[in-house]
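J.: Next up is a structure, given as structure tokens.
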Amino acid sequence: MSRGTAAERMVPTPLVAASHQRPLVSGDRVFSVIAYGAAALIMLIAVIFIIALFIPALPAITKFGLGFFTSRTWDPVRNQFGALTAIYGTLVTSAIALLIAFPIGLGAALFLAEDARLSLVRGPLSFLIELLAGIPSVVIGLWAFFILTPLMRDKVDPFLQHTVGFLALFKGTPTGYGFLTAGLVLAIMVLPIMIALSRDVIRAVPRELREASLALGATNAETIWSVILPYARVGITGAVLLSLGRALGETIAVTMVIGNTMQISASLFASGYTLPSVIANEFTEATGNVYLGSLFYLGVVLVLITIVVNVLARLLIWRFSGSARASA
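Last residue of the sequence shown: 329 in my numbering, with the numbers rising by one and none dropped.
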């Protein structure tokens with residue numbers, strides 16, 4: 002009898018077990034409510050933001066329609082507006098930024114991920130990259146305005162004009178302001194993103210592939226060129242697209258050095274406009290529903306382009322991450 006009683010005492014009754022589970026179940030429910038509520042709140046904020054951006058743009062959308070994208074006119078006096086000039090400036094400066102930043106960023110990423118000979122430099126270099134990413138854009142804009150612009154006007158632009166001035170890209174009067182300077186500033190600003198993402202992608206390449214290539218007698222350079230880069234190309238493309246998303250939306254630094262002129266020119270020395278710089282320069286002067294609506298319309302265009310670019314970039318990176326995990 003005593004042994005049976007002891008055994009019975011050791012086995013918890015359903016009532017006792019349930020009493021122990023109730024706080025846990027209740028805590029799970031509270032956590033689920035908070036988590037789902039936070040996710041729903043983020044989605045709600047995004048929807049409200051898009052609606053709040055779209056409604057003020059309706060006067061311009063109604064008046065100009067899709068012709069807004071193909072019109073070069075920007076005349077507040079006659080209430081005629083078009084986005085083509087700003088779209089052109091945005092694409093040109095972003096393309097310049099990627100052309101400059103890509104080889105530098107990829108080289109730095111390969112060094113950080115692959116070169117073990119100078120391992121002591123990796124830490125300080127990674128810190129400098131993170132530090133560069135944290136510098137406010139207005140500070141970079143001030144540096145570009147007072148340091149880079151005179152340097153471009155007095156040294157770089159005249160040199161390019163003297164050496165390759167026969168090309169239409171380098172014709173015109175060097176002023177220091179324009180597409181080339183703005184693109185260079187953007188390249189500096191997107192470098193940290195490109196380096197960090199490309200480094201992580203390269204590190205995710207399975208070690209077995211590296212070791213197999215080296216075991217077959219390939220050099221480090223041949224392994225990087227023939228094995229690592231082909232395997233990581235999808236993820237690197239995603240890193241480039243994410244950098245493009247940053248370049249498309251940059252405002253203050255570009256506004257300070259691009260010259261802010263509504264024109265389409267083949268010369269990289271020419272002044273221009275980007276979508277963000279138009280909004281930043283003219284929102285305080287916008288009078289009337291059509292003028293203000295056109296600025297909001299530019300904002301809608303910029304948001305849509307940025308969303309598409311970032312979604313594509315994320316899809317590519319997720320695809321690469323999935324293939325890397327499968328190979329591992």
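Glycine is no exception: its CB is placed at the ideal position from the N, C-alpha and C atoms.
On the criterion of 16 or more Cβ atoms from any shown chain inside 10 Å, does isoleucine 189 qualify as buried, or is it exposed?
T.: buried
J.: Among Val140, Asp76 and Met195, which one has its Cα closest to the Cα of isoleucine 101?
T.: Met195
J.: The alpha helix (DSSP H) with serine 95 in it runs from where to where?
T.: Its alpha helix (DSSP H) spans residues 85-115.
J.: Which of helix, strand or coil does DSSP assign to phenylalanine 82?
T.: strand
J.: Are the region 237-254 and the region 138-155 in contact at 8 Å, needing three or more beta carbon pairs?
T.: yes
J.: Any idea what DSSP makes of glycine 246, helix, strand or coil?
T.: helix
J.: Counting along the chain, where does the alpha helix (DSSP H) carrying proline 277 start and finish?
T.: Start and end: 276-283.
J.: Would you tell me roughly how many angstroms separate the C-alpha atoms of threonine 285 and isoleucine 52, rounded to the nearest one?
T.: 22 Å
J.: Is it the case that the Cβ atoms of valine 302 and leucine 276 are separated by a distance below 8 Å?
T.: yes
J.: Are the beta-carbon atoms belonging to leucine 243 and alanine 314 less than 8 Å from one another?
T.: It is a contact, given that the beta carbons lie within the stated cut-off.
J.: Can you tell me the Cα-Cα spacing of arginine 123 and isoleucine 229, whole angstroms?
T.: So the alpha carbons of these two residues sit roughly 20 Å apart.
J.: Do glycine 260 and serine 266 count as a contact pair if the criterion is CB distance below 8 Å?
T.: no
J.: Using DSSP's beta-bridge definition, name the partner residues of glycine 260.
T.: Gly273
J.: At the level of alpha carbons, what is the spacing between threonine 164 and alanine 271?
T.: 18 Å
J.: Using the Cα positions of leucine 44 and proline 193, report the straight-line distance between them to the nearest angstrom.
T.: The question names leucine, but residue 44 is methionine in the sequence shown. Going by the C-alpha atoms only, they are around 28 Å apart.
J.: Would you kindly check if the distance between the Cβ of serine 268 and the Cβ of leucine 133 is under 8 Å?
T.: no
J.: Could you please give the first and the last residue of the uninterrupted alpha helix (DSSP H) stretch that includes valine 186?
T.: Per DSSP, valine 186 belongs to the alpha helix (DSSP H) from 180-204.
J.: By how many angstroms is the C-alpha of leucine 210 removed from the C-alpha of glutamine 22?
T.: In this prediction, glutamine 22 has a pLDDT of 49, which is less than 50 and means its spatial position is unreliable; what the coordinates show is noted afterwards. Rounded to the nearest angstrom, the two C-alpha atoms are 49 Å apart.
J.: Please report the straight-line C-alpha distance between leucine 25 and threonine 224, rounded to a whole angstrom.
T.: The predicted model places leucine 25 with a pLDDT of 48, which falls under 50 and marks its position as unreliable; any figure quoted below should be read in that light. Distance between the alpha carbons of leucine 25 and threonine 224: 53 Å.
J.: How many Å lie between valine 310 and leucine 245 at the Cα?
T.: 7 Å
J.: DSSP beta-bridge partners for aspartate 76?
T.: Residue pairing for aspartate 76: DSSP places it in a beta bridge opposite Gln81.
J.: Are the beta-carbon atoms of proline 60 and valine 291 separated by less than 8 Å?
T.: yes
J.: For glutamate 115, tell me which candidate among Pro207, Leu168, Thr238 and Leu305 has the shortest Cα-Cα distance.
T.: Of the listed residues, the one whose Cα sits closest to glutamate 115 is Pro207.
J.: On the DSSP letters alone, give me the boundaries of the alpha helix (DSSP H) that arginine 211 sits inside.
T.: 208-216
J.: The alpha helix (DSSP H) with serine 138 in it runs from where to where?
T.: 138-144
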